[in-house]
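>
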Amino acid sequence: QVQLVESGGGLVQPGGSLRLSCASSGSIFGLRTMGWYRQAPGKERELVASITNGGTTTYADSVKGRCTISRDNAKNTVHLQMNNLKPEDTAVYYCNARRGYDNAIFWGQGTQVTVST
């Protein structure tokens, strides 16, 4: 089993920045892809950004140019730097990991991000 614990969410004004972090523990050998998803009220969960253990990144069109995902393989952590936040970025953000050798998927419990005046 893999445990994922998110931190860094909160309330921020439009145009502000937040840095989300996700620490993994447990059976973390072989985690191929780690990333962030978000779910706003009444909407489906969607990919925000992901990064492979080789450093290949993927971003949702809605956050390109505003968000940067990074990964520390030695510390088994992944971070999401979010800049120029907009009210439509308001959601619960979930850390996600996919293990390569069995394609098992793991989720964190989520952290709330609210962008509002």
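Quick note: the sequence shown uses this note's numbering, first residue 84, plus one each step. Positions of the beta carbon are idealized from the N, C-alpha and C atoms, including for glycine.
In or out: Leu94 buried (at least 16 other Cβ within 10 Å) or exposed?
Taking the first residue of the sequence shown as 1, we reach residue 94 at position 11. When all chains shown are included, Leu94 counts as exposed.
> With DSSP as the reference, label Glu204 as helix, strand or coil.
Given a span of 84 to 200 for the chain in the structure shown, any question on residue 204 remains unanswerable.
> Kindly list the residues whose CB is nearer than 8 Å to the CB of Arg102, restricted to its own chain and excluding five residues on each side of it in sequence; keep chain order.
Locating residue 102 in the sequence shown gives position 19, where the first residue counts as 1. Gly91, His162, Leu163, Gln164 and Met165, listed in sequence order.
> Grouping DSSP H, G and I as helix and E and B as strand, with all else coil, what is Val85?
The sequence position of residue 85 within the sequence shown is 2, counting from 1. The answer is strand: DSSP assigns Val85 an E or B state.
> Relative to the C-alpha of Arg42, which residue among Thr200, Arg149, Gly193 and Thr140 is closest?
Residue 42 lies beyond the range of the chain shown here (84 to 200); nothing can be said about it.
> To the nearest angstrom, how far is the alpha carbon of Ser196 from that of Asn179?
If you number the sequence shown from 1, residue 196 lands on position 113. If you number the sequence shown from 1, residue 179 lands on position 96. Here residue 196 turns out to be Val, not Ser, going by the sequence shown. Between Val196 and Asn179, the C-alpha separation is close to 16 Å.
> In the DSSP assignment, the beta strand (DSSP E) including Ala132 goes from what residue to what residue?
Residue numbering aside, residue 132 sits at position 49 when the sequence shown is read from its first letter. From DSSP, the beta strand (DSSP E) with Ala132 extends over Glu129 to Thr135.
> Does at least one heavy atom of the ligand PLP sit under 7 Å from the Cβ of Ala157?
As far as ligands go, the structure on display features none, and thus does not contain the ligand PLP.
> Quick check on Ser107: buried or exposed, where buried means 16 or more other Cβ atoms within 10 Å of its Cβ?
As a working mapping, residue 107 is identified with position 24 in the sequence shown. Answer is buried; the Cβ neighbour count reaches 16.
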